[in-house]
Amino acid sequence: ADAFKYIVDKDIKDEFDVLVVDGLEPEEHEEYTNSYIIDALVASLTSDGVMSVNIGMAPSILDPRADKGVHPKRELLINNLEANPQIASIHIY
1 ADAFKYIVDK
11 DIKDEFDVLV
21 VDGLEPEEHE
31 EYTNSYIIDA
41 LVASLTSDGV
51 MSVNIGMAPS
61 ILDPRADKGV
71 HPKRELLINN
81 LEANPQIASI
91 HIY
């Protein structure tokens with residue numbers, strides 16, 4: 001949470017080539033559902049920057065529909081990333 005606060009408070013733009021977010025338990029952290037924070041993370045990347053986000057196990061074809069599943073915050077994080085026009089691609093493994 002401290003890194004989220006730092007990036008938002010300092011209004012960092014176009015500075016990082018790589019961001020690694022280790023959010024093993026996204027259901028326990030409100031930062032992952034805040035589109036303002038997600039947009040700030042994306043804005044802190046350079047134009048060729050890459051953000052890697054570890055948010056637990058990747059969804060499976062066998063999982064229930066996202067809005068019915070057990071990981072609503074993870075799904076909201078993915079939705080926030082998909083909605084950001086600066087994101088060129090998202091790969092889920």
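Position 65 of the sequence shown, counted from 1, bears residue number 65 in this note's numbering, the numbering being contiguous throughout. By construction, the Cβ of each residue, glycine as well, lies at the ideal position given by its N, Cα and C atoms.
Sub-9 Å separation of residue i and residue j beta-carbons
i: Gly-103; j: Gly-23; result: Because residue 103 is not part of the residues shown, which for the chain are 1 to 93, the question remains open.
i: Glu-27; j: Arg-74; result: yes
i: Ile-78; j: Ile-61; result: no
Residues sharing a beta bridge with residue i, DSSP
i: Leu-19; result: Met-51
i: Leu-94; result: This structure leaves residue 94 out entirely; the chain is present only between 1 and 93.
Identity of the residue in the options nearest residue i by Cα
i: Leu-160; options: Ser-52, His-71, Ala-83; result: Any property of residue 160 remains undetermined from this structure, which presents the chain solely from 1 to 93.
i: Glu-82; options: Thr-33, Asp-11, Ser-47, Gly-69; result: Thr-33
i: Asp-2; options: Glu-30, Asp-14, Asn-84, Tyr-93; result: Glu-30
Secondary structure of residue i, DSSP reduced to three states
i: Leu-77; result: helix
i: Pro-72; result: helix
i: Glu-25; result: coil
CB contact below 9 Å: residue i versus chain B
i: Glu-27; result: The structure shown has no chain B; it contains just one protein chain.
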